[in-house]
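UniProt numbering numbers the first residue of the sequence shown as 1 and each following residue consecutively. Note that beta-carbon positions come from the ideal geometry of N, C-alpha and C, so glycine has one too.
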Amino acid sequence: MEEVIICSSARTPIGSFFGQFKNTSPVELGTAAVSEAIKRANLKAENVDELILGHVLSAGHGQNPARQVGIKVGLPESCPAGQVSILCASGLKAVVDAARTIKSGDASVVVAGGMESMSTAVHGSNLRGKKAMGTFKMKEDNFDGVVLGDTMMVDGLTCAMNGIHMGITAENIAERLSISRAEQDEFAKRTVEKAINAKKNGLFKTEIVDVNGIDADEGPLICTAEEYASFKPVFKKDGTVTKGNACGLNDGASAVVLASKSSAESLGLNKVAKLVCSAVVGCDPKLMGLGPVFAIRKLMERCPWKLNETDCFELNEAFAAQSLGCIRELGIDSSKVNINGGSIALGHPLAASGCRILTTLISVLQQQSKTRGIAALCVGGGQGIAIAIELL
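Here it is, written out as structure tokens:
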């Protein structure tokens, strides 16, 4: 099987919930990231064989938003496009699926990534019993007893296996591994400090593509140690997970161009990194935040280097508790993790985050003059995903 080459990466700025992208659709965000990734790869749209995008909160955004993106960026009508939806890992799973497609010989050049607009996630209800088809009109139709559910909560943030919010899974990890509130707050404070430093020094600029004149992440939110300590637990009365030591609700998109080595060479594409190996695993849904531990352990069975020989890690920060749990259980050097800050600081636009951390990993490796990196995420419902890359 041929090597899979990462030819480029790009991401939009990350917007806060009802912030700078509150009126921007996921398709518009995805279009910006995909267009820029194609441009950076020195790739002609006509040479793209397939588009695969992660997207979780798709309700109300029309048929197959990935296909909408493909048409908007000028991919040939003959180029198929589809979506991947495994919650937080969707963007990275799209990359993994794209690599598998290339390795199988079914495609030579694939654009992959993820997009999410949590600000535009709809509310909904099953009203078929009241009206079989068509649009409901609030004043004309009988809405007595109708409850509109929040699709962001139902489809994105609540475990379908046991009905618990993702925050409870973080509380479970904190209890099991004896991770204190103080440790979580300190972790959050540190990741914000790293992100502020990176933003101040322009370290995200090479990753980001301008969207409607916006060229910077909306976060991070700066808090003092006293403010972190003052935040009340969100998910349990006596818990330790707060709005300060958890990721936010966000909007954004990210994309990469992948190609077989021979196609990258014949088409004159830029060659940024080599996708070395990947792993996707399942785990206990109640401890879903530890998914990266099991995914990385599986990854290392396939990886040509040892875990401690990895130069940089990008581990998605859903919660400080789960991030600390993963670092502790893997026994990795925390100074190698999320060097420019993570999702607690920058934000976590569900399906976009997997490819976002891959984009950031490439950037960090370049800035640090390093070569070997691992990106990994936990997944609601109890899964984990990890990918290893090597800069060229």
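(request) Identify which residue in 81, 58, 176 has its Cα closest to the Cα of residue 69. (result) In the sequence shown, the residue the question calls residue 69 occupies position 69. Among 81, 58, 176, the Cα nearest to that of residue 69 belongs to 81.
(request) Measure from the alpha carbon of residue 239 to the alpha carbon of each residue in 223, 176, 199, 226, then state which is nearest. (result) By 1-based counting over the sequence shown, the position of residue 239 is 239. Per the Cα distances, 176.
(request) On the DSSP bridge assignment, give the partners of residue 154 in chain order. (result) Sequence index remark: in the sequence shown, residue 154 carries index 154 (1-based). For residue 154, which the question treats as bridged, DSSP gives no partner whatsoever.
(request) Report the partner residues of residue 256 according to the DSSP bridge assignment. (result) Here residue 256 refers to the residue found at position 256 when the sequence shown is read from its first residue. DSSP output for residue 256 lists 9, 112 as bridge partner(s).
(message) Check for me: the beta strand (DSSP E) holding residue 375 runs from which residue to which?
(response) What you label residue 375 is simply residue 375 of the sequence shown in a count that begins at 1. First-last of the beta strand (DSSP E) with residue 375: 372 to 379.
(request) Give a yes or no on whether the C-beta atoms belonging to residue 244 and residue 227 are separated by under 9 Å. (result) The sequence position of residue 244 within the sequence shown is 244, counting from 1. The sequence position of residue 227 within the sequence shown is 227, counting from 1. Going by C-beta atoms, residue 244 is nearer than 9 Å to residue 227.
(message) Mapping the DSSP letters down to three states, classify residue 294 as helix, strand or coil.
(response) Within the sequence shown, residue 294 is the residue found at index 294, counting from 1. Residue 294 falls in the helix class under three-state DSSP.
(request) Would you identify the three-state DSSP class for residue 334, choosing helix, strand or coil? (result) Counted from its first residue, the sequence shown places residue 334 at position 334. If DSSP states are grouped into helix, strand and coil, residue 334 belongs with the helices.
(request) Per DSSP, which residues does residue 391 bridge with? Please list them. (result) As a first step, residue 391 must be located in the sequence shown, where it is residue number 391. 273, per the DSSP bridge assignment.
(message) Any contact between the stretch 60 to 80 and the stretch 281 to 291? By contact I mean 3 or more CB pairs, one from each, below 8 Å.
(response) no
(request) List the endpoints of the continuous alpha helix (DSSP H) containing residue 94. (result) In the sequence shown, counting from the first residue as 1, residue 94 sits at position 94. That run of the alpha helix (DSSP H) goes 90 to 104.
(request) Using beta-carbon positions only, say whether residue 388 and residue 276 come within less than 9 Å of one another. (result) Sequence index remark: in the sequence shown, residue 388 carries index 388 (1-based). Sequence index remark: in the sequence shown, residue 276 carries index 276 (1-based). Their beta carbons are under 9 Å apart, which means residue 388 touches residue 276 by this criterion.
(message) Would residue 7 and residue 377 be called neighbours here (beta carbons separated by less than 9 Å)?
(response) As a working mapping, residue 7 is identified with position 7 in the sequence shown. As a working mapping, residue 377 is identified with position 377 in the sequence shown. Their beta carbons are not under 9 Å apart, which means residue 7 does not touch residue 377 by this criterion.
(request) Just mark residue 296 as buried or exposed, buried being the case when its beta carbon has 16 or more other beta carbons within 10 Å. (result) Here residue 296 refers to the residue found at position 296 when the sequence shown is read from its first residue. Counting Cβ neighbours within 10 Å, residue 296 comes out buried, since at least 16 surround it.
(message) Quick check: residue 102 and residue 265, are their CB atoms within less than 9 Å of each other?
(response) Indexing the sequence shown from 1 puts residue 102 at position 102. Indexing the sequence shown from 1 puts residue 265 at position 265. Cβ atoms of residue 102 and residue 265: not closer than 9 Å.
(request) Rounded to whole angstroms, what's the CA-CA distance from residue 43 to residue 49? Just pull it up for me. (result) In the sequence shown, counting from the first residue as 1, residue 43 sits at position 43. In the sequence shown, counting from the first residue as 1, residue 49 sits at position 49. Between residue 43 and residue 49, the C-alpha separation is close to 12 Å.
(message) Assess contact between the stretch 251 to 271 and the stretch 356 to 373, defined as three or more Cβ pairs (one per stretch) separated by less than 8 Å. Is contact present?
(response) yes
(message) Quick check on the DSSP output: what are the complete alpha helix (DSSP H) runs of length 4 or more inside the stretch 141 to 217, in order along the chain?
(response) 166 to 176, 181 to 200
(message) Does the CB of residue 330 have a neighbour CB from chain D at under 9 Å?
(response) Absence of chain D from the displayed structure is noted, only one protein chain being present.
(message) Pull the bridge partners of residue 251 from the DSSP assignment, please.
(response) By 1-based counting over the sequence shown, the position of residue 251 is 251. Note: residue 251 sits in a beta bridge opposite 15, 117.
(request) Could you check which residue in 74, 39, 304, 156 has the C-alpha nearest to that of residue 248? (result) Indexing the sequence shown from 1 puts residue 248 at position 248. Of the listed residues, the one whose Cα sits closest to residue 248 is 156.
(message) Quick check on DSSP: helix, strand or coil for residue 367?
(response) In the sequence shown, counting from the first residue as 1, residue 367 sits at position 367. Here residue 367 sits in helix by DSSP.
(request) Inspect the beta-carbon positions of residue 45 and residue 38 and report whether they are closer than 9 Å. (result) As a position in the sequence shown, residue 45 is number 45, starting the count at 1. As a position in the sequence shown, residue 38 is number 38, starting the count at 1. Yes.
(message) I believe residue 193 touches residue 363 by the beta-carbon criterion, under 8 Å. Please report the beta-carbon distance rounded to the nearest angstrom.
(response) Working through the sequence shown from its first residue, we reach residue 193 at position 193. Working through the sequence shown from its first residue, we reach residue 363 at position 363. Not quite, the Cβ-Cβ distance comes to about 18 Å (not below 8 Å), so this is no contact.
(message) Suppose contacts are defined by Cβ-Cβ distances below 9 Å. Is residue 285 in contact with residue 161 by that definition?
(response) Within the sequence shown, the letter at position 285 stands for residue 285. Within the sequence shown, the letter at position 161 stands for residue 161. Taking 9 Å as the Cβ cut-off, residue 285 and residue 161 qualify as a contacting pair.
(message) Nearest by alpha-carbon distance to residue 310: which of 24, 318, 354, 338 is it?
(response) Along the sequence shown, read from residue 1 onward, the residue named residue 310 stands at position 310. For the residues 24, 318, 354, 338, the minimum Cα distance to residue 310 belongs to 338.
(request) Thinking residue 147 and residue 125 are a contact (beta carbons under 8 Å), I'd like their distance in whole angstroms, please. (result) Here residue 147 refers to the residue found at position 147 when the sequence shown is read from its first residue. Here residue 125 refers to the residue found at position 125 when the sequence shown is read from its first residue. Right, the Cβ-Cβ distance comes to about 6 Å (below 8 Å), so this counts as a contact.
(message) Count Cβ pairs between the stretch 116 to 124 and the stretch 365 to 381 that sit closer than 8 Å; are there 3 or more?
(response) no
(message) For residue 29, report the span of its alpha helix (DSSP H) as first-last.
(response) Here residue 29 is taken as the residue at index 29 of the sequence shown, counted from 1. Here the alpha helix (DSSP H) through residue 29 covers 26 to 40.
(message) Taking the beta carbon of residue 10 as the centre, do at least 16 other beta carbons fall within 10 Å, making it buried, or is it exposed?
(response) As a position in the sequence shown, residue 10 is number 10, starting the count at 1. Buried, because 16 or more other Cβ atoms sit within 10 Å of the Cβ of residue 10.
(message) Relative to the C-alpha of residue 386, which candidate in 307, 321, 174 has its C-alpha closest?
(response) Stepping through the sequence shown from its first residue, residue 386 is reached at position 386. Checking every option, the nearest Cα to that of residue 386 belongs to 307.
(message) On the DSSP letters alone, give me the boundaries of the beta strand (DSSP E) that residue 73 sits inside.
(response) For the purposes of this step, residue 73 is taken as residue 73 along the sequence shown, with counting starting at 1. Neither: residue 73 is in no beta strand (DSSP E) and is coded neither H nor E.
(request) Would you identify the three-state DSSP class for residue 63, choosing helix, strand or coil? (result) Residue numbering aside, residue 63 sits at position 63 when the sequence shown is read from its first letter. It is coil, neither helix nor strand.
(message) At the level of alpha carbons, what is the spacing between residue 174 and residue 56?
(response) The residue given as residue 174 occupies position 174 in the sequence shown. The residue given as residue 56 occupies position 56 in the sequence shown. Rounded to the nearest angstrom, the two C-alpha atoms are 27 Å apart.
(request) Report yes if the C-beta distance between residue 182 and residue 241 is below 9 Å; otherwise report no. (result) Within the sequence shown, numbered from 1, the residue matching residue 182 stands at position 182. Within the sequence shown, numbered from 1, the residue matching residue 241 stands at position 241. Taking 9 Å as the Cβ cut-off, residue 182 and residue 241 do not qualify as a contacting pair.
(message) In the DSSP assignment, the alpha helix (DSSP H) including residue 227 goes from what residue to what residue?
(response) As a position in the sequence shown, residue 227 is number 227, starting the count at 1. Per DSSP, residue 227 belongs to the alpha helix (DSSP H) from 225 to 230.
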